[in-house]
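Numbering (our numbering), first residue to last: 69 to 529.
Right, one structure below, let's go through it.
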Ligand SMILES: [Zn+2]
């Protein structure tokens, strides 16, 4: 296949590609606001029609919330299926007065398109569809098996996506998942995400007297639940940043030497991040860099702590109760359930019998990792190199991506890759969100090469 004709067609049609993209950007698909229900339906219909026109069988999947666009092209029964995920809904636009141009009237300034959703996530998944469209228009077919899933409620936590996925596993079944909702590590540094941390989350309450009592009358004699709480929490992590729960690190998959080398070379701007956050120093785990500690190592964090008197002036009491919410970010191969078991056992052994406490286990999230030498990564590596002039960096994210976990749980795919062409300073979720036209087109070109490269990797065996 001579790809240069396809690449040439993209360049010759830049204006019409942008016009088409702008049509999508003009739809105010704010999922958080019920007033935009019709806009969500309209956008879903528009996408179904669009997918239909580029050789995909498409339809709307109804949920009790916003519709999901589903399109497929799976004519090769002996070849793997690639599922591409994106979301057509966007964040609300307020504060509107801070926008320099109307959020749903896409405006070009230099290399940038200003519009809500330009990066997150319309620009990201639309680049994939555009690549497919141009391949289809030039060759009359699409190489490989594809399923396209474009959700309409990602920005409100994918509230109804799980019910769809769990009830229609067969329909969504895929070997590789590509989530087009990540981005470059820094502008000009494309990235592929191959892992995410998980989460174990708890709420603890320590109790003392059944009601707040006078500290002058009872102080020194009656147990204070605030002390109990800080004693317990302070014993979960030492001064080296290590978690002290026995067995906590047992299942932890250590970052491999190549991962640490790669992370050391990333343009992680330690000084400017410190300045931006207003912190004097990072408090990373001993023997690990701040970036490693924030992505490939587990952590313990107190997310909130409350109890007793917190109003103005002084109120002399011993509080009846004191609580905290705390979490562990988990790495492969830890699990939220085992973490809960280890924590509860540990608390039994360190908390004296005269302290009353109760721990509630809140919903957790499993960590995710894919071998980044799988074909989806190697194919993108080559494709991106061809058009960005450099290989993408392979990274693991410190947070979690809800849909990635849903795909992992219900489809058990061979690989999950997260990609995108946006940059960290595109202002997603903020006023004046923008997206680079150059990166949008480099993304389309890269996707064309990816589609053929990915396909070729299976034909090569
Ligand atoms: Zn997004």
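In this text, a Cβ means the ideal position worked out from N, Cα and C, and glycines have one as well.
| said: What I want to know is whether the C-beta of residue 157 ends up closer than 6 Å to one or more non-hydrogen atoms of ligand 1. | reply: no
| Just how far apart, CA to CA, sit residue 218 and residue 113? | Cα to Cα, the separation comes out at about 11 Å.
| query | Under the criterion of a Cβ to heavy atom distance below 6 Å, does residue 493 qualify as lining ligand 1? | reply | no
| said: Check whether the region 196-211 and the region 442-457 touch, using three or more Cβ-Cβ pairs below 8 Å as the test. | reply: no
| For the region 290-370, which segments carrying the alpha helix (DSSP H) assignment without a break, of at least 4 residues, lie completely within its bounds, in sequence order? | 293-302, 325-332, 338-345, 358-363
| Between residue 389 and residue 189, what straight-line distance do the alpha-carbon atoms span, to the nearest angstrom? | 44 Å
| task | Within the region 464-495, note down every full alpha helix (DSSP H) run reaching 4 residues or more, in order along the chain. | result | 470-479
| message | I need the DSSP call for residue 244, collapsed to helix, strand or coil. | response | strand
| request: State the DSSP-derived secondary structure class of residue 124, mapped to helix, strand or coil. | output: Residue 124: coil per DSSP, three-state reduction.
| Buried versus exposed, by CB contacts within 10 Å (16 or more), residue 182 | buried
| Using a threshold of 6 Å, is the CB atom of residue 42 nearer than that to any non-hydrogen atom of ligand 1? | Outside the modelled stretch of the chain, which goes from 69 to 529, sits residue 42, for which no answer is possible.
| query | Thinking C-beta only, is residue 490 closer than 7 Å to residue 220? | reply | Their beta carbons are not under 7 Å apart, which means residue 220 does not touch residue 490 by this criterion.
| Looking at C-alpha atoms only, which residue of 462, 148, 108 is the closest neighbour of residue 129? | Each of 462, 148, 108 was checked against the Cα of residue 129, and the nearest Cα belongs to 108.
| request: State the DSSP-derived secondary structure class of residue 395, mapped to helix, strand or coil. | output: strand
| Within the present structure, is the beta-carbon of residue 280 separated from the nearest heavy atom of ligand 1 by less than 6 Å? | no
| message | What does the alpha-carbon distance come out to for the pair residue 391 and residue 268? | response | Using only the alpha carbons, I get a separation of about 17 Å.
| query | Roughly how many whole angstroms lie between the Cα atoms of residue 272 and residue 347? | reply | 28 Å
| Whole-angstrom C-beta distance between residue 192 and residue 497, which should lie under 8 Å | Rounded to whole angstroms, the Cβ separation of residue 497 and residue 192 is 14 Å, and the two are not in contact under 8 Å.
| request: Could you tell me if residue 337 is buried or exposed, where buried requires 16 or more neighbouring beta carbons within 10 angstroms of its beta carbon? | output: exposed
| Cα-Cα, which of 144, 110, 148, 124 is closest to residue 135? | Measuring from the Cα of residue 135, the nearest candidate turns out to be 110.
| For residue 352, which of 151, 300, 308, 281 has the nearest alpha-carbon? | 308
| Span of the alpha helix (DSSP H) holding residue 261? | Premise fails: residue 261 lies in the beta strand (DSSP E), 259-264, not in any alpha helix (DSSP H).
| said: Quick check: the Cα distance between residue 438 and residue 464, rounded to an integer number of angstroms? | reply: 10 Å
| request: Report buried or exposed for residue 441, applying the criterion of at least 16 other Cβ atoms within 10 angstroms of its Cβ. | output: exposed
| said: Based on DSSP bridge pairs, tell me the residues matched to residue 271. | reply: Here residue 271 is bridged, per DSSP, to 393, 428.
| query | In terms of residue numbering, what span does the beta strand (DSSP E) encompassing residue 503 cover? | reply | 502-504
| Boundaries (first-last residue) of the alpha helix (DSSP H) holding residue 156 | Segment: none, residue 156 is in no alpha helix (DSSP H) and carries neither H nor E.
| field | First and last residue of the uninterrupted beta strand (DSSP E) at residue 214 | value | It spans 213-219 - the beta strand (DSSP E) in which residue 214 sits, taken as one unbroken run.
| task | Following the continuous alpha helix (DSSP H) through residue 446, name the residue where it begins and the one where it ends. | result | 443-456
| task | Return the first residue and the last residue of the alpha helix (DSSP H) that residue 73 is part of. | result | 72-80
| task | Report all residues from its chain with a CB closer than 6 Å to the CB of residue 266; omit the five preceding and five following residues, and keep chain order. | result | 398, 433, 434, 435
| Rounded C-beta distance between residue 280 and residue 152? I'm assuming under 8 Å. | Contact between residue 280 and residue 152 does not hold, since their C-beta atoms are separated by about 57 Å, which reaches or exceeds 8 Å.
| query | Taking 6 Å as the line, does the beta carbon of residue 188 fall inside it for any heavy atom of ligand 1? | reply | For residue 188, the shortest C-beta to heavy atom distance toward ligand 1 is below 6 Å.
| request: Spell out the partners DSSP gives residue 433 in its beta bridges. | output: 267
| task | Report, in whole angstroms, the separation of the C-beta atoms of residue 492 and residue 258, which I expect to be a contact under 8 Å. | result | So it is not a contact: roughly 12 Å between Cβ atoms.
| said: Can you tell me whether residue 249 sits near ligand 1, meaning its C-beta is under 6 Å from at least one heavy atom of the ligand? | reply: yes
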